[in-house]
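Q: Right, I'll just put the structure down here and ask away after.
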Amino acid sequence: MSISFATLNGANAEAARSLLERFWHQPWSADFTQRFFAWRYLERSNCEVLLAFDGDRCVATLGSVVRGYANSENLLHVRETFDWFCLPEYRQLGIGLRLIKQMMDKPEPMIVIGGTAATRTLLPRLRWRSLGQVENHFLPVSGRMVAAFALRKMRSGSERFSRAIPKILKIRRPARIAAPRGSAQVTASLTEVPNESFLCKSVGYALAPIIDRRAVEWLARGPAEVGKVLTLFFRHQEMSGMSLSRVENRPEGPTAKIMHIQSSDMTPEMADWIVSETSNRLIDCGAGFIFCRASCPIINGALRRIGYLPGRKVPAFWWSHDAAPISGMLHLTRMIGDDSIDFVL
Ligand SMILES: CC(C)(COP(=O)(O)OP(=O)(O)OC[C@H]1O[C@@H](n2cnc3c(N)ncnc32)[C@H](O)[C@@H]1OP(=O)(O)O)[C@@H](O)C(=O)NCCC(=O)NCCS
């Protein structure tokens, strides 16, 4: 066996797609898989994918995307990895390790949130630093969806029995909290995305992703089956903010994820306004269950005040050539790698 390495390109895309179909392991149609792969890999800017081949056969992959981050007052380009996979028959041969080490040789620092047991075991051994835990929260809105999630956890397919529960039964609809003071405006738009300097100034965080127009437009261009993106902009006197969410059709029913929240002045009042307004609009779009992930204590405080329940915490890892620590408040959300995309379609 002679293993060679390559970067994803037009000529090897077909082989990479066949491998990723094994990783994703979903009963998707050939048409959807094709569109999903093209969108996720070929139409995404700053995306770089490493592949390992045994002859013509693609046997392992590691995807990455580079995003701007506000690092206190500086702009930092950070590599986010995803889809790290090696065919079972090629594991424990050092191929996966070589892929991640090739990524680590690139100039940018790298960040990972969560990951499988393999990721959590391997990264500290490769001298990645812990960035602490990122909190998950969820808001159960409809009684039917709560039952559907519980049933599906026990056995896939059994969520259909939840249809016996009337749709109308709502468990929790958060109160609509007004803007901090006086007149304010909320607009839903995809065409108007704040420029990078706006978001850079917004922070005071030690690390926060910069959500630029390209990233939002790419999300919105995704196949319809992946879900509907909702982008909200909040304006109030000198302050502004945004939230970026997606409503997905899961087997349990329509589910929303708040992928990112950002503000030029993240006070508890501003966070309460953004979280409550976003949640209510997602419920208006039909969401019966809402998830949100955040490391910022102000956003997590708002989620709890508005009625969200705490979920599982996930670890975050950081790697950089100079091994400089990142200390201070972090703003990490689902806008990283592929975490904004669900696999249960
Ligand atoms: C993670 C993965 C890509 C590693 O590929 P690989 O080619 O088998 O890895 P290597 O042979 O280079 O290195 C394996 C090292 O990782 C460790 N490792 C691999 N899978 C592991 C797991 N599930 N739990 C803990 N450690 C694991 C091994 O112990 C080994 O270390 P060792 O050499 O000291 O024993 C592969 O196991 C895989 O595809 N897993 C399923 C998908 C996955 O979990 N992806 C990661 C998150 S996206």
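First residue of the sequence shown? That's 7 in the working numbering, and the numbers climb one at a time after it. From the three backbone atoms N, C-alpha and C, an ideal C-beta is built for every residue, glycine too.
(1) Could you check whether D344 and F11 sit closer than 9 angstroms to each other, using their CB atoms as the reference points?
(2) I need the DSSP call for C206, collapsed to helix, strand or coil.
(3) At the level of alpha carbons, what is the spacing between C53 and F43?
(4) Could you give the first and the last residue of the continuous alpha helix (DSSP H) run that contains V232?
(5) Could you check where the beta strand (DSSP E) with D89 kicks off and where it finishes?
(6) Measuring only the C-alpha atoms, how far is L48 from L236?
(7) Could you tell me the alpha carbon to alpha carbon distance between A214 and T339, rounded to whole angstroms?
(8) Which value, in whole angstroms, describes the spacing of the CA atoms of K112 and A123?
(9) Assuming R135 is part of the beta strand (DSSP E), what are its boundary residues?
(10) Tell me the rounded alpha-carbon separation between C206 and S269.
(11) Identify every residue that forms a DSSP beta bridge with G247.
(12) Would you say the beta carbon of F59 is closer than 8 angstroms to some non-hydrogen atom of ligand 1?
(13) Assuming T125 contacts V118 (C-beta within less than 8 angstroms), just tell me the rounded distance between them.
A: Inspection of the coordinates gives the following:
(1) As a position in the sequence shown, residue 11 is number 5, starting the count at 1. As a position in the sequence shown, residue 344 is number 338, starting the count at 1. No, the pair does not count as a contact, with Cβ atoms beyond the cut-off.
(2) On the sequence shown, residue 206 is found 200 positions in, with the first residue counted as 1. Its pLDDT being 46, under 50, C206 is placed unreliably in this model, and the value from its coordinates should be taken loosely. Three-state result, C206: helix.
(3) For this step, residue 53 is matched to residue 47 along the sequence shown. For this step, residue 43 is matched to residue 37 along the sequence shown. Whole-angstrom Cα-Cα distance: 13 angstroms.
(4) Position 226 of the sequence shown, counted from the start, is the residue given in the question as residue 232. Unbroken run through V232: none, as it is neither H nor E.
(5) Against the sequence shown, residue 89 aligns to sequence position 83. Note, D89: beta strand (DSSP E), N80 to C92.
(6) As a position in the sequence shown, residue 48 is number 42, starting the count at 1. As a position in the sequence shown, residue 236 is number 230, starting the count at 1. Distance between the alpha carbons of L48 and L236: 23 angstroms.
(7) Residue numbering aside, residue 214 sits at position 208 when the sequence shown is read from its first letter. Residue numbering aside, residue 339 sits at position 333 when the sequence shown is read from its first letter. Approximately 9 angstroms between the Cα atoms of the pair.
(8) Translated into positions along the sequence shown, residue 112 becomes position 106. Translated into positions along the sequence shown, residue 123 becomes position 117. The alpha-carbon atoms of K112 and A123 are separated by roughly 24 angstroms.
(9) Taking the first residue of the sequence shown as 1, we reach residue 135 at position 129. From DSSP, the beta strand (DSSP E) with R135 extends over R135 to P146.
(10) In the sequence shown, residue 206 corresponds to position 200, counting from 1. In the sequence shown, residue 269 corresponds to position 263, counting from 1. With a pLDDT of only 46 at C206, under 50, the local geometry of the prediction cannot be trusted, and the value read off the model is given with reservation. A straight-line Cα-Cα distance of about 10 angstroms links C206 and S269.
(11) Along the sequence shown, read from residue 1 onward, the residue named residue 247 stands at position 241. G247 is bridged to F240 and S269.
(12) Position 53 of the sequence shown, counted from the first residue, corresponds to residue 59. Checking every heavy atom of ligand 1 against the Cβ of F59, none is found closer than 8 angstroms.
(13) Mapped onto the sequence shown, residue 125 falls at position 119. Mapped onto the sequence shown, residue 118 falls at position 112. Confirmed, about 6 angstroms.
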